[in-house]
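Visitor: Just so you know, my numbering puts 174 at position 129 of the sequence shown, and the rest follows in order with no gaps. We treat Cβ as the ideally placed atom computed from N, Cα and C, and that holds for glycine. Keep in mind it's a predicted model, so treat the numbers as computed, not measured.
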Amino acid sequence: MPAHQLAPDIPSDVLTSEQAHLAESRAALKAMRTHAASLSADAAGDWVSQQILQSLLDQRVAALADHPDTPLFFGRLDRTGGDDLPGTIYVGRRHVHDGHSKPLVIDWRAPVSRAFYQASPADPMGVVRRRRFGYHGGALTAFEDEPLGEGVEIGPSKILTEEIERPRTGPMRDIVATIQPDQDEIVRSTLAQTVCVQGAPGTGKTAVGLHRAAYLLFTHRERLARSGVMIVGPNKAFLSYISSVLPALGEIKVDQTTVAGLLGEHATPEDALVAAVKGDARMAAVLERALWLHIVKPTEGVVYTKGAYRHRVADYEVREIVASLRGTTRYNPGRAALAQRLAHMVLVRMEQRGESPDDRVQDAVARSKPVKQLVDTVWPKLTAEQVLFRLLSDPEFLAKAAKTDLSSEEQEMLIWRKPYRGWKSAKWSAADAALLDELRDLMERTPSLGHLVVDEAQDLSEMQLRALGRRCRNGSATVLGDLAQGTTPWSTTSWEAVLEHLGQREGEVTELTLGFRVPREVLDFAARLLPSVAPDLAAPRSLRPGLGSLTVQPGGSVAGAAEEALTKEGSIGVIVPDALVAEVSRSLERLPHAVLDPDSSQEHRLLIVPATLAKGLEYDHVIVVEPADIVAAEPRGLARLYVVLTRAVTSLTVLHDKELPAQLAA
Numbered sequence: 046m047p048a049h050q051l052a053p054d055i056p057s058d059v060l061t062s063e064q065a066h067l068a069e070s071r072a073a074l075k076a077m078r079t080h081a082a083s084l085s086a087d088a089a090g091d092w093v094s095q096q097i098l099q100s101l102l103d104q105r106v107a108a109l110a111d112h113p114d115t116p117l118f119f120g121r122l123d124r125t126g127g128d129d130l131p132g133t134i135y136v137g138r139r140h141v142h143d144g145h146s147k148p149l150v151i152d153w154r155a156p157v158s159r160a161f162y163q164a165s166p167a168d169p170m171g172v173v174r175r176r177r178f179g180y181h182g183g184a185l186t187a188f189e190d191e192p193l194g195e196g197v198e199i200g201p202s203k204i205l206t207e208e209i210e211r212p213r214t215g216p217m218r219d220i221v222a223t224i225q226p227d228q229d230e231i232v233r234s235t236l237a238q239t240v241c242v243q244g245a246p247g248t249g250k251t252a253v254g255l256h257r258a259a260y261l262l263f264t265h266r267e268r269l270a271r272s273g274v275m276i277v278g279p280n281k282a283f284l285s286y287i288s289s290v291l292p293a294l295g296e297i298k299v300d301q302t303t304v305a306g307l308l309g310e311h312a313t314p315e316d317a318l319v320a321a322v323k324g325d326a327r328m329a330a331v332l333e334r335a336l337w338l339h340i341v342k343p344t345e346g347v348v349y350t351k352g353a354y355r356h357r358v359a360d361y362e363v364r365e366i367v368a369s370l371r372g373t374t375r376y377n378p379g380r381a382a383l384a385q386r387l388a389h390m391v392l393v394r395m396e397q398r399g400e401s402p403d404d405r406v407q408d409a410v411a412r413s414k415p416v417k418q419l420v421d422t423v424w425p426k427l428t429a430e431q432v433l434f435r436l437l438s439d440p441e442f443l444a445k446a447a448k449t450d451l452s453s454e455e456q457e458m459l460i461w462r463k464p465y466r467g468w469k470s471a472k473w474s475a476a477d478a479a480l481l482d483e484l485r486d487l488m489e490r491t492p493s494l495g496h497l498v499v500d501e502a503q504d505l506s507e508m509q510l511r512a513l514g515r516r517c518r519n520g521s522a523t524v525l526g527d528l529a530q531g532t533t534p535w536s537t538t539s540w541e542a543v544l545e546h547l548g549q550r551e552g553e554v555t556e557l558t559l560g561f562r563v564p565r566e567v568l569d570f571a572a573r574l575l576p577s578v579a580p581d582l583a584a585p586r587s588l589r590p591g592l593g594s595l596t597v598q599p600g601g602s603v604a605g606a607a608e609e610a611l612t613k614e615g616s617i618g619v620i621v622p623d624a625l626v627a628e629v630s631r632s633l634e635r636l637p638h639a640v641l642d643p644d645s646s647q648e649h650r651l652l653i654v655p656a657t658l659a660k661g662l663e664y665d666h667v668i669v670v671e672p673a674d675i676v677a678a679e680p681r682g683l684a685r686l687y688v689v690l691t692r693a694v695t696s697l698t699v700l701h702d703k704e705l706p707a708q709l710a711a
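#1: Need the endpoints of the alpha helix (DSSP H) that HIS356 sits in, please.
#2: Since GLY309 and ALA478 are thought to touch, with beta carbons under 8 Å apart, how far apart are those beta carbons, to the nearest angstrom?
#3: State the CB to CB distance for the pair GLU507 and ASP325, rounded to an integer number of angstroms; the pair is presumed to be in contact (CB under 8 Å).
#4: Just to confirm the assignment: which complete alpha helix (DSSP H) runs, minimum length 4, are found wholly within the segment 379 to 441?
#5: Which first and last residues belong to the alpha helix (DSSP H) in which HIS80 is found?
#6: Cβ of GLY194 within 7 Å of any heavy atom in the ligand ZN?
#7: Which same chain residues, not among the five before or five after GLU333, have their C-beta less than 7 Å away from its C-beta?
#8: Less than 6 Å between C-beta atoms, sequence neighbours within five positions excluded: which residues of the same chain meet that for ILE287?
#9: Name the residue from GLU483, VAL150 and LEU705 whose alpha carbon lies nearest to the alpha carbon of ARG375.
#10: Can you list, in chain order, the residues of its chain with a C-beta nearer than 7 Å to that of ARG490? Leave out the 5 residues immediately preceding and following it.
#11: Short of 8 Å in beta carbon distance, which residues of its chain neighbour LEU625, apart from the five on each side in sequence? Order them along the chain.
#12: Residues in the same chain with beta-carbon distance under 6 Å from ALA359, minus the five sequence neighbours each way, listed in chain order, please.
#13: Flag this pair as yes or no: are the beta carbons of ASP504 and SER536 separated by less than 8 Å?
#14: Out of LYS75, LEU427, VAL240 and ALA446, point me to the one whose CA is closest to LEU16's CA.
#15: Threshold first: 3 residues or longer. Then list the beta strand (DSSP E) segments lying entirely within the segment 604 to 677, N to C.
#16: In angstroms, rounded to a whole number, what distance separates the CA positions of ILE340 and VAL420?
#17: Whole angstroms are fine: how far does the CA of GLN549 sit from the CA of GLU704?
#18: Put PRO680 into one of helix, strand or coil per three-state DSSP.
#19: Which ranges does the alpha helix (DSSP H) cover as unbroken runs of at least 4 residues, wholly within the segment 301 to 382, from first to last along the chain?
#20: Spatial neighbours of GLU315 within its chain, please: C-beta separation below 6 Å, excluding the five flanking residues on both sides.
#21: Are GLY520 and LEU497 touching if we call contact CB-CB under 8 Å?
#22: Step through the CB atoms of chain B and report whether any lies within less than 8 Å of the CB of SER453.
#23: Does DSSP put MET170 in a helix, a strand or coil?
#24: Which stretch, first to last residue, makes up the beta strand (DSSP E) that contains TYR162?
#25: Just how far apart, CA to CA, sit LEU51 and GLU191?
#26: On the DSSP letters alone, give me the boundaries of the beta strand (DSSP E) that ILE134 sits inside.
#27: What number of angstroms, rounded off, separates the C-alpha of PRO343 from the C-alpha of ARG364?
#28: Would you grab the beta carbon distance between MET247 and GLY661 for me? Rounded to a whole angstrom, and I think it's under 8 Å.
#29: With DSSP run on the structure shown, which of helix, strand or coil describes PHE188?
#30: Quick check on ARG266: does DSSP put it in helix, strand or coil?
#31: If you run the structure through DSSP and keep just helix, strand and coil, what is PHE178?
#32: Along the chain, where does the alpha helix (DSSP H) that runs through ILE297 open and close?
#33: Find the nearest neighbour of GLY552 within the set THR186, LYS448 and GLY514, judged by alpha-carbon distance.
#34: Which residue wins for smallest C-alpha separation from ALA447, given the options LEU697, THR302, ALA335 and VAL689?
#35: Measure from the alpha carbon of PRO292 to the alpha carbon of each residue in LEU205, ALA108 and THR206, then state which is nearest.
#36: Quick one: what does DSSP say GLU207 is sitting in, helix, strand or coil?
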C-alpha cells in the first residue's frame, strides 16, 4: 500500500463528503458567532460588571470570525478510540461544534491534536490514518492520506510541500497546517519553561514563537488573561508583517510592540560606541549607585508640635531609620516608609505622654510640614530623568557612581559634550531609554506579564534585555533569534548570556537548523558568509533544493529584474542599501511600487526594502542590489548581508556593479 494516496486516485465521493463536512463546519461556526452576538451584558448586576461582560462578549464574537479564504480545518485523524472523543477528528484553527455540542473541528492546540503533528509509524499515538487537506483559497480541493501502520514508510507530503512553497502577498501567514515535529515540541512547551530558539533563516522561528503564544493562551486562558501576553519585535514594519497570525488563530487580545514602544520612543542620534557602553550590563550597578547617592546623611532630628507639647525624634534615630531602609526597598516606597517610621516614632512619644493616637494621627504626622521637610532633604523626590541627567552631565557625580565599573575613558565617552540646560529639556537616545527604565524599576517595581515573546533578540543590548526581563520576572519567555543575523555593535554571541540578562537562567536553548522556506541553492550561497559572521554555528540546511532559484548578475538592471519578477506569482522585495533607496525608486518609476517605511508596512506586490529593515521579512522573489555597499554601510555589514540574502522564498537575484564580497566570490 503506498504511503500517500492523492485525491485523483481516490473516488470523488470521498472528496465530496469532506467538502460537505467543511460546509457543515462553516455553518456551525456562523451559528456559534450569531449566538455569541445575541448574548446581552444586561444580565450583569452593576454597570462595571456589565462593561466587563460586554468586553468579554465582544472578544468572543471577534474570535469566532470566519476567514473565508483560510481553511477551517486542514487535517483529519482516524483513531483507534479508547476515549470519549469520536474515532474521526478534524483538526483546525479553532474548535467548532454543532447545535448538540458535537465537535466538528478540534482546535489544533488541544492535547488530542498533538498526534496530527507527532504521530509516526514508529509511534502512531493511537492514529490509524492521518489525512491532510489541500485548499485553493477557502475551498477544499484535494486530500492526501498517510497510513500509520507498522512498517509503513512515510515519504514527502506533496500537500505539505505545496503549502510551504505557496506564494504569498501581504502579511505573514500562520503555519498551523505545516508545523513540523521539532517545531511542535517548542510550541507545546509548558508555560513555566522559558525557551530560547536559535533559528537559521527559513526555519520558522518567528512563526513558532507566535504559535507558542497561541498555544499557551489556549491552555492557560484564565491565568494569562489576568497577567497578559506580549510580543516584542524589532520595528513597526515587522509587527505589521506578523499582525494577522494570532487573529487568524482566534487570539485577538495580545499586545504587540517594539522595544522603543515599550521603553519610550527616544531616538536622538548617538555614536555607536557610546550606545554600546550604555547598553552594557555594568551600567545597572552605576545607575543603582547614582540613585542612592541622592540620599543625604541626616544631621537633624524632627520636632513635631501638637498643642503645648513638642515631640522630638533625635538625629541619631533618624540616621538609624534611614540606614535600615537604604538598599532594602525600592526608592519611592523607601521614601514613603521613612515618613511613616518618623511618624511612628512621634506616636511613640505621644503614647509615652499618656496619649492614645490612632492610625489617622500617624498619617497626619507623616504628611506634616516638619516630617515632609526632613524627608525632602534626606530622601529627595526624584524622577528617572533627573538622575540620568545628573549622571550624564556631571563628571564628578558619574565618577562616584561608576567606581571601578567603568574606565575613565568610558566615563569620558558618556559625559555630554554639550549638556542640556535641564533634565526637562534633555533629548534622550534609544540606549538612554533602557537606562531610564532601569532607574524607574529601582524606584517602583515594574509589573510582570505572564509570558513574553521576544523576536530578533540577538540584536538587543544587555540593558534592553534586563528591561524585557523585568516584564516577565514572574512569568516566562519565548526568545527567538539567530546569532548569525546580529547587526548591532552589541549583538550577542551567546544565548546563555541573553537568558542571564533576561533573568531567565533556567531557560532551555534549542536549535532549528532545517529550513522550509529558503531554497537550498539560495541558503548555501548565503551560508558562505557564516564563517565570518558566526563561525561557531552549523550551516543551515534546506528541505527544498531550489534548482535555478539563484541568479548572480553583474551589471544587471533593477527595472529589468523587477519586470521579470512581475511575470511570476508572488510578492517581490527589492532590497537595497539604505543610501540607494531614492535612486532605485526613481529607476522603477514606470512600475507601480512602494518603499517600506520603518514605522509601517506598505502592502504592495513590488516593494523597495532598505537593507536595515529586511530582518524578519520574507518575499517570494528577492532582488538584492549592490551587496558591497550593504557590507560597507556598517561595522557588521557582512551579517546584514547574510540577513538580506536569506529573505527569498522562491528566487533570489543579486545585481552588482561593484565586486562581490570575497566570501561570496569563493
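Guide: With the structure as the only source:
#1: Your numbering for residue 356 matches position 311 in the sequence shown. It is not in any alpha helix (DSSP H) - HIS356 instead sits in the beta strand (DSSP E) that spans 354 to 358.
#2: Within the sequence shown, numbered from 1, the residue matching residue 309 stands at position 264. Within the sequence shown, numbered from 1, the residue matching residue 478 stands at position 433. GLY309 to ALA478, Cβ: 4 Å. Contact.
#3: Your numbering for residue 507 matches position 462 in the sequence shown. Your numbering for residue 325 matches position 280 in the sequence shown. Rounded, the Cβ-Cβ distance is 6 Å, consistent with contact.
#4: Counting only runs that start and end inside the segment 379 to 441, the alpha helix (DSSP H) elements of at least 4 residues fall at 404 to 411, 414 to 423 and 429 to 438.
#5: By one-based count along the sequence shown, residue 80 stands at place 35. Per DSSP, HIS80 belongs to the alpha helix (DSSP H) from 57 to 83.
#6: In terms of ligand content, the structure shown is empty, and the ligand ZN therefore cannot be addressed.
#7: Against the sequence shown, residue 333 aligns to sequence position 288. Correct list, in chain order: LEU487.
#8: Counting from 1 along the sequence shown, the entry for residue 287 is found at position 242. Excluding residues within five positions, the ones whose Cβ falls inside 6 Å are MET217.
#9: As a first step, residue 375 must be located in the sequence shown, where it is residue number 330. Among GLU483, VAL150 and LEU705, the Cα nearest to that of ARG375 is on GLU483.
#10: Indexing the sequence shown from 1 puts residue 490 at position 445. Excluding sequence neighbours, ARG490 sits near ARG375.
#11: Here residue 625 refers to the residue found at position 580 of the sequence shown. Only VAL670, GLU671 and ASP674 meet the Cβ criterion.
#12: For the purposes of this step, residue 359 is taken as the residue at position 314 of the sequence shown. Contacts found: GLY346.
#13: On the sequence shown, position 459 is the one that residue 504 refers to. On the sequence shown, position 491 is the one that residue 536 refers to. Yes, Cβ-Cβ distance for ASP504 and SER536 is below 8 Å.
#14: Because the chain spans 46 through 711 in this model, residue 16 falls outside it and cannot be assessed.
#15: For the segment 604 to 677, whole beta strand (DSSP E) runs of length 3 or above, ordered along the chain, are 617 to 621, 651 to 655 and 664 to 670.
#16: The residue labelled residue 340 in the question sits at position 295 within the sequence shown. The residue labelled residue 420 in the question sits at position 375 within the sequence shown. Near 10 Å, if we compare the C-alpha coordinates of VAL420 and ILE340.
#17: Along the sequence shown, read from residue 1 onward, the residue named residue 704 stands at position 659. Along the sequence shown, read from residue 1 onward, the residue named residue 549 stands at position 504. Whole-angstrom Cα-Cα distance: 44 Å.
#18: Position 635 of the sequence shown, counted from the start, is the residue given in the question as residue 680. Three-state result, PRO680: coil.
#19: 304 to 308, 317 to 324, 327 to 337 and 360 to 370
#20: Position 270 of the sequence shown, counted from the first residue, corresponds to residue 315. SER474, listed in sequence order.
#21: By 1-based counting over the sequence shown, the position of residue 520 is 475. By 1-based counting over the sequence shown, the position of residue 497 is 452. Against a cut-off of 8 Å, the Cβ pair of LEU497 and GLY520 comes out as a contact.
#22: Looking at the structure shown, chain B is missing, and only one protein chain is on hand.
#23: Numbered from 1 along the sequence shown, position 125 holds the residue referred to as residue 170. Coil.
#24: Translated into positions along the sequence shown, residue 162 becomes position 117. No beta strand (DSSP E) holds TYR162; the alpha helix (DSSP H) holding it covers 159 to 163.
#25: The residue you call residue 51 lines up with position 6 of the sequence shown. The residue you call residue 191 lines up with position 146 of the sequence shown. Note that LEU51 has pLDDT 44, beneath the 50 cutoff, so the model's placement of it is unreliable and the number below is only indicative. If I take the Cα positions, the gap works out to 10 Å.
#26: To locate residue 134, count along the sequence shown from 1; it is residue 89. 133 to 137 is the span of the beta strand (DSSP E), which, as asked, contains ILE134.
#27: Position 298 of the sequence shown, counted from the first residue, corresponds to residue 343. Position 319 of the sequence shown, counted from the first residue, corresponds to residue 364. So the alpha carbons of these two residues sit roughly 6 Å apart.
#28: Residue numbering aside, residue 247 sits at position 202 when the sequence shown is read from its first letter. Residue numbering aside, residue 661 sits at position 616 when the sequence shown is read from its first letter. Note that residue 247 is Gly in the sequence shown here, rather than Met. Contact doesn't hold; Cβ gap of about 12 Å is too wide.
#29: The sequence position of residue 188 within the sequence shown is 143, counting from 1. Correct three-state label for PHE188: strand.
#30: Translated into the one-based positions of the sequence shown, residue 266 becomes position 221. ARG266: helix per DSSP, three-state reduction.
#31: What you label residue 178 is simply residue 133 of the sequence shown in a count that begins at 1. Looking at PHE178 - three-state DSSP - the assignment turns out to be strand.
#32: Your numbering for residue 297 matches position 252 in the sequence shown. No alpha helix (DSSP H) contains ILE297, which DSSP labels as neither H nor E.
#33: Translated into positions along the sequence shown, residue 552 becomes position 507. The candidate whose alpha carbon is nearest that of GLY552 is GLY514.
#34: Position 402 of the sequence shown, counted from the start, is the residue given in the question as residue 447. Ranking the options by Cα distance to ALA447, first place goes to ALA335.
#35: By 1-based counting over the sequence shown, the position of residue 292 is 247. PRO292 has its Cα closest to that of ALA108, out of LEU205, ALA108 and THR206.
#36: For the purposes of this step, residue 207 is taken as residue 162 along the sequence shown, with counting starting at 1. In the structure shown, GLU207 sits in a helix (DSSP, three-state: H, G or I).
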